[in-house]
Structure formats: structure tokens, C-alpha cells
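Number of protein chains: 2
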Amino acid sequence: MSMLVLSGVPESIIDGLKSAGVRVVMPYTKIFPDGEQYIRIEEEVDSCIVLQSMYPEQDRRFIELYLALEALRGLNAKCIGVIVLYLAYARQDKRFLRGEPISIYALMQPLKLLGIDRVGVIDVHSESSLRNLGLEVLNVLPHKYMIEKSGIKVEFVLAPDKGALARAKAAAEGLGIPYDNLEKFRDRITGEITMKEKRLDVAGKTVAIVDDIVSTGGTLAKAIENLYKLGASKVYAVVSHALLVGNAIEKLERSGIEELITLNTVRHRELPKWVRVVDCTELVLDIAKELGYRSV
Amino acid sequence: MSMLVLSGVPESIIDGLKSAGVRVVMPYTKIFPDGEQYIRIEEEVDSCIVLQSMYPEQDRRFIELYLALEALRGLNAKCIGVIVLYLAYARQDKRFLRGEPISIYALMQPLKLLGIDRVGVIDVHSESSLRNLGLEVLNVLPHKYMIEKSGIKVEFVLAPDKGALARAKAAAEGLGIPYDNLEKFRDRITGEITMKEKRLDVAGKTVAIVDDIVSTGGTLAKAIENLYKLGASKVYAVVSHALLVGNAIEKLERSGIEELITLNTVRHRELPKWVRVVDCTELVLDIAKELGYRSV
Numbered sequence: 004m005s006m007l008v009l010s011g012v013p014e015s016i017i018d019g020l021k022s023a024g025v026r027v028v029m030p031y032t033k034i035f036p037d038g039e040q041y042i043r044i045e046e047e048v049d050s051c052i053v054l055q056s057m058y059p060e061q062d063r064r065f066i067e068l069y070l071a072l073e074a075l076r077g078l079n080a081k082c083i084g085v086i087v088l089y090l091a092y093a094r095q096d097k098r099f100l101r102g103e104p105i106s107i108y109a110l111m112q113p114l115k116l117l118g119i120d121r122v123g124v125i126d127v128h129s130e131s132s133l134r135n136l137g138l139e140v141l142n143v144l145p146h147k148y149m150i151e152k153s154g155i156k157v158e159f160v161l162a163p164d165k166g167a168l169a170r171a172k173a174a175a176e177g178l179g180i181p182y183d184n185l186e187k188f189r190d191r192i193t194g195e196i197t198m199k200e201k202r203l204d205v206a207g208k209t210v211a212i213v214d215d216i217v218s219t220g221g222t223l224a225k226a227i228e229n230l231y232k233l234g235a236s237k238v239y240a241v242v243s244h245a246l247l248v249g250n251a252i253e254k255l256e257r258s259g260i261e262e263l264i265t266l267n268t269v270r271h272r273e274l275p276k277w278v279r280v281v282d283c284t285e286l287v288l289d290i291a292k293e294l295g296y297r298s299v
Numbered sequence: 004m005s006m007l008v009l010s011g012v013p014e015s016i017i018d019g020l021k022s023a024g025v026r027v028v029m030p031y032t033k034i035f036p037d038g039e040q041y042i043r044i045e046e047e048v049d050s051c052i053v054l055q056s057m058y059p060e061q062d063r064r065f066i067e068l069y070l071a072l073e074a075l076r077g078l079n080a081k082c083i084g085v086i087v088l089y090l091a092y093a094r095q096d097k098r099f100l101r102g103e104p105i106s107i108y109a110l111m112q113p114l115k116l117l118g119i120d121r122v123g124v125i126d127v128h129s130e131s132s133l134r135n136l137g138l139e140v141l142n143v144l145p146h147k148y149m150i151e152k153s154g155i156k157v158e159f160v161l162a163p164d165k166g167a168l169a170r171a172k173a174a175a176e177g178l179g180i181p182y183d184n185l186e187k188f189r190d191r192i193t194g195e196i197t198m199k200e201k202r203l204d205v206a207g208k209t210v211a212i213v214d215d216i217v218s219t220g221g222t223l224a225k226a227i228e229n230l231y232k233l234g235a236s237k238v239y240a241v242v243s244h245a246l247l248v249g250n251a252i253e254k255l256e257r258s259g260i261e262e263l264i265t266l267n268t269v270r271h272r273e274l275p276k277w278v279r280v281v282d283c284t285e286l287v288l289d290i291a292k293e294l295g296y297r298s299v
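As you go down the protein sequences, you meet chains G and A in turn.
Quick note: the first sequence, position 255, residue 258 per the working numbering, numbers continuous.
Quick note: the second sequence, position 39, residue 42 per the working numbering, numbers continuous.
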């Protein structure tokens, strides 16, 4: 059995898989002069798991996944599941406004036609959106793992909004410490975010804000500033997928963040010293085993 | 009934449709800071045809189409068919080498899940690849139309390879003139193209080479040079979709091409004087009517 690793997957994960004795198969890929992708699986593959990550260049990475699954079909290879380290388009999991698509449906539904019914993910924005498609979903909540691996000492776990409360609960209960959530309001037209005022027992404490994605850093920076106002002594952010687009790094730096703990689920550009990347190869291997991966 | 026009469609087609009295609906689209696409259909749509073109940025355009169809589903709107002016990835319609995908399957199959079973195309690379997916295909061969609209006088029609012979036949028989084909060999590993030597009765004649796509211009330039060697007096290229990537324009200029006649099926950058763009709105309207479009 092998793992077919597509081009969104960071090098550090590939190295980790190889060190763990996984047979890693990487297809030959190129971009034609007109911009079309080409993929070819040159090695023999009988049964496998396909591994991909959807950032950056989300659209290219989805199309690459479709092409890879079609190529496997041509080889009569069995794909026992797809693991997506970071699943893009997962935040558009509802019709927030009339006339919108449920983007994650449009993009994940094709996998079923391509023979996939089991999907592994790390901290997907919403599990239910995938289950509603009839996909069996293995989702890992990695925050406790990230806190432990990074060695930070945390006394309080906070979700920046209600949507992330399950993440805070899982991490806090695992660590035996209290948790709560802030309340965020996003204007669906302007995109602007406001935080409701809320009393929290964080004075003098080291707090970890847990979330799935940090993109432009707006929500996270506001939550951090909020916590310092409430008297927190140190505020960490423990966020699975660090996209850090635009001036996210500057915004977070200004917020007084102690450290950002994240995973290598996406390819990062150069990061400042206060960002610590925890390797998630172990989590990937756990998911793979649950999907039925055997190293023979 | 309306036409939902997506962002790959050239302005000139949109203007043409509006002039013809079509109710054109254009969704609101944006790109999030992290690169994800957003689409929203703000107007009321009951039943419609969706119009898209897949160049440039083929992957974005396919994903946009999936998102638009999902949004229509949310509106309970009926999409009676999709018209794709230029269908990308259509050249990868076979497994030329073991381990390759049939890319056009991977990319067009999702349409079926999104409720589409009828597709209109202008000069698709291969109709059969779409039919094999169980899609009903309306394909227009536009070369006779292009020759007549441009007013060029042609005495001989030539296909640059066997694959384009049906195009040459349709145009030549329509015009009542002779036709033939060259033979091309493409090395599937290096991508290099060689032309077989062949005698053709073109001495002193005005010849039109007909094809579906000109991308880097390599095949076309070689065919033109070949024809001048055989004594042709003027060589036109009549090619439906002019992608003209890399140094295609320089290559064609050096080949001694008289004119390139093409359609506005894709968004063009600035073109030299010897490229003539024939408006294909009329063809789009013909396809739409065959798909069941009624202007009420």
C-alpha cells in the first residue's frame, strides 16, 4: 500500500512520511504553456491513500486532486481514502445569503463520482458539511496535541467565536483547564467583524485562543487585544491552519501575541520567530491507519 | 428565461447577447484575500442557460462553473444546459501514456452531479469524450462560418493533422472546394512535433488551414511553412480558439501567415493586425435555441 502525495503537501510532511517507512508515490506534474495542469502517475500503485493540501492556489489543488483520482481509476488502483491536510472553501458551508453556493458541496461532491467515500481531514471548518454529502469523515481536533508538543503552559482556553467552541472544549477538557468563547459578529455584506463585550475570568492568566484558520488575522488580532484588556498576562494563538495572507503578520505582531502555534498543513512562506510550526505527520499517520492504511 | 454569464465570457459576447434581447444575468464575484472564489447570484433566476469560457485561468473558470451551478440549485432555478465557448482540458481526452488521467472526464463529470445533462460547445477538441460521459453534446463546427464572415477567398482547405480532418471536410464541402490533411507526429514524452512529408495539390492556390486551437503556435507555423514550400500562394489559418501563448505571435509572423481568422470564444490580449476576430454571438444563440432557450 502506498500514499500518493500531491503538490499541495509540504516537504516536511513528505520527509516525515518517508522516515516513518511509508511508500510515498509522487506523480509527475507540469503546467502546459497555456496554463492547463498535467499529471501522470509513473510508478505502479495498487491500493493507496491520496494526500493533498488546498493552499495556496486552492483551485489548482482541487483540480489536481480530481485529475489524480481519475488517473488512479485508469490504473485500476484502489484509493481507500483521501486525506486533505487543509481543506479550502470549507468556510462557505451554508448559504449565508440568498444566491450563494454551498461551495464545499460543489467542490467535494465530485470526489464521490471519482470513487471516494472516505475523507480524512485535520480540523475541518465544519464536519457536518462533508457528512451531509454522504462522505465518511475522519476529522482530527489537534489543539491539545499542538499545546502539548509546543510545551507552552496554558491556564485558560478561549474560542474566538461560538463556532470554535467545540475546539476549545476538546482542548481544555483534555488539559483539565477552563474554557469559554468570545462572540463575534460578521457583517456578510461588508465582511467587517465586531466583538461583543464579555466578562471572562482571565486576569493574570496565560490564555490560548484556539481556532481552525488564521487568514488575514483580523478576528484573531481583535480577540487577542480583547484578552489583554481583560487582564490576561500572556495570550497564545493555537490555530491549525496558518494562511497568514495580506498583512496578517503585522496585525498579529501589533496585537501583542506571545506566540502563534500552528501545524505544517499548508506550505508556509518565511515566518517570524514568534510563529512555531508543530509537525503533524503523526496525526496524518493516525488518520491513514483509521482509513485502513497498512505499511505493506 | 435568462443566460447566466460567468467571468470567462468576453465582453463582446455579452454585448452581442444584450443587443439580441437576451436577459443577461451576471453574478457578483470576488476573490477572498486567501485566493478563494466567491460567487453570488443576486437577481432572480427561474430557468436559464449558463455560459462560460475556460481560458485564461482554466482551473478558476471550472471551479467558478461548479460554484455557479451549486448556487442555481440553491435558488431552485432550472439550468437547461451549459454552453462552454472554449472548453479547456479537452485535448487530454485519452490516456496517451499509462498513469495519465482523462482530464476532460475528471472536469466535466461533476456537471452531471450538479444537474446538467446537456452541454453546448463551439468546436470542442473531441465530441466523443463528452458523449462517453453520458452528456448530450451540441457542437458547432464554425470554420465555414468564419471563412464566409471574414470574406477571404479560399481554394483549398487543409487540416494540420488527421484529428482535424472532420473540420476540414465540413468547411470544404460547405464551400465546394477540395480538402486534405497533413500528418503530424507528437512525441508524448518530449512534446516535440514533426510533420510527415506529403504531396498536396496547392501550388499557386490560396489555402486555409483549419483547426480547433492555436496555443503556442508550433503546429500551425510548421504547417504554414510546409504549404509555402509546396507552392501555395497565400496561407490563412482559420482556428476557432486562439490562445496564442508564449511567443506564438512571433512564430506565426515568421511563418508568413496571410491572416489568422479566429472567434471571440476566449478573452484575447492585444492582437496584431493580421489576426481577425469573427464574432460568434450568432453561433452561441443558435446553440442556446437548440438547448431550448426562449427569449421570454
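Glycine included, each C-beta is placed from N, C-alpha and C at the ideal position.
The model shown is predicted, which means the values in this text are computed figures rather than measured ones.
Residue i versus chain A: which residues are under 7 Å apart at the beta carbon?
{"i": "F65 (chain G)", "result": "I66"}
{"i": "L20 (chain G)", "result": "The premise fails here: L20 (chain G) is roughly 21 Å from chain A at the closest Cβ pair, so nothing lies under 7 Å."}
{"i": "S218 (chain G)", "result": "P36 and D37"}
{"i": "Q61 (chain G)", "result": "G38 and E39"}
Which chain G residues are close to residue i, counting only those with a beta carbon under 9 Å from its beta carbon?
{"i": "L266 (chain A)", "result": "Near L266 (chain A) there are no residues of chain G at all, since even the closest Cβ is about 17 Å away, more than 9 Å."}
{"i": "V248 (chain A)", "result": "F35, P36, D37 and G38"}
Taking the straight line between their C-alpha atoms, what separation do you get for residue i and residue j?
{"i": "L255 (chain G)", "j": "A245 (chain G)", "result": "12 Å"}
{"i": "I162 (chain G)", "j": "E262 (chain G)", "result": "First, the amino acid is wrong: residue 162 (chain G) is Ala here, not Ile. Taking the straight line from one Cα to the other gives about 16 Å."}
{"i": "S298 (chain G)", "j": "S5 (chain G)", "result": "7 Å"}
{"i": "R43 (chain A)", "j": "L54 (chain A)", "result": "15 Å"}
{"i": "E60 (chain A)", "j": "R26 (chain A)", "result": "26 Å"}
{"i": "D289 (chain G)", "j": "C51 (chain G)", "result": "15 Å"}
{"i": "I86 (chain G)", "j": "A175 (chain A)", "result": "53 Å"}
{"i": "K115 (chain A)", "j": "P181 (chain G)", "result": "49 Å"}
{"i": "L185 (chain G)", "j": "K172 (chain G)", "result": "13 Å"}
{"i": "S56 (chain A)", "j": "W277 (chain A)", "result": "24 Å"}
{"i": "P112 (chain G)", "j": "C283 (chain A)", "result": "Residue identity check: residue 112 (chain G) is Gln in the sequence provided, not Pro. Looking at the two C-alpha atoms, the distance is approximately 34 Å."}
{"i": "G179 (chain A)", "j": "L168 (chain A)", "result": "16 Å"}
{"i": "L136 (chain G)", "j": "L286 (chain G)", "result": "24 Å"}
{"i": "E3 (chain A)", "j": "A224 (chain A)", "result": "With chain A running from 4 to 299 in the structure shown, residue 3 (chain A) is simply not present."}
{"i": "V48 (chain G)", "j": "L233 (chain G)", "result": "56 Å"}
{"i": "L266 (chain A)", "j": "A91 (chain G)", "result": "35 Å"}
{"i": "L70 (chain G)", "j": "E130 (chain A)", "result": "20 Å"}
{"i": "K237 (chain A)", "j": "K208 (chain A)", "result": "7 Å"}
{"i": "R189 (chain G)", "j": "V217 (chain G)", "result": "15 Å"}
{"i": "I17 (chain A)", "j": "Y231 (chain A)", "result": "39 Å"}
{"i": "K165 (chain G)", "j": "A291 (chain A)", "result": "47 Å"}
Quick check on DSSP: helix, strand or coil for residue i?
{"i": "S298 (chain G)", "result": "coil"}
{"i": "M4 (chain G)", "result": "coil"}
{"i": "F35 (chain A)", "result": "coil"}
{"i": "D282 (chain A)", "result": "coil"}
{"i": "R191 (chain G)", "result": "coil"}
{"i": "R63 (chain G)", "result": "helix"}
{"i": "D183 (chain G)", "result": "strand"}
{"i": "S10 (chain G)", "result": "coil"}
Determine the extent of the beta strand (DSSP E) in which residue i is found, giving its start and end residues.
{"i": "Y58 (chain A)", "result": "Here Y58 (chain A) belongs to no beta strand (DSSP E), and DSSP marks it neither H nor E."}
{"i": "R101 (chain A)", "result": "Counting along the chain, R101 (chain A) falls outside any beta strand (DSSP E), and DSSP gives it neither H nor E."}
{"i": "G84 (chain G)", "result": "K81 to V87"}
{"i": "R43 (chain A)", "result": "Q40 to R43"}
{"i": "M29 (chain G)", "result": "First-last for M29 (chain G): undefined, no H or E at that position."}
Cβ closer than 7 Å: which chain G residues qualify as neighbours of residue i?
{"i": "R43 (chain A)", "result": "L100, G102 and E103"}
Where do the ends of the alpha helix (DSSP H) carrying residue i lie?
{"i": "I347 (chain G)", "result": "Residue 347 (chain G) lies beyond the residue range present for chain G, which begins at 4 and ends at 299; the question has no answer from this structure."}
{"i": "G177 (chain G)", "result": "L168 to L178"}
Can you list the residues of chain A that residue i reaches, using a CB-CB cut of under 9 Å?
{"i": "Q112 (chain G)", "result": "Y69, E73, P113, L116 and L117"}
{"i": "Y108 (chain G)", "result": "E73 and R76"}
{"i": "A175 (chain G)", "result": "Here the premise fails: no neighbours, minimum Cβ distance about 28 Å."}
{"i": "A91 (chain G)", "result": "D37, G38 and E39"}
Determine the chain G residues that contact residue i at a beta-carbon separation under 8 Å, and present them in chain order.
{"i": "A224 (chain A)", "result": "Ordered by position in chain G, no residue passes the 8 Å Cβ test against A224 (chain A), which lies about 14 Å from the chain."}
{"i": "Y58 (chain A)", "result": "D37 and G38"}
Could you name each continuous beta strand (DSSP E) segment of 3 residues or more that falls completely within the segment 201-273 of chain A, going from the start of the chain to the end? 209-217, 237-245 and 263-266
Would you list, in sequence order, the uninterrupted alpha helix (DSSP H) runs of no fewer than 4 residues that lie entirely inside the segment 111-164 of chain A? 130-134 and 146-153
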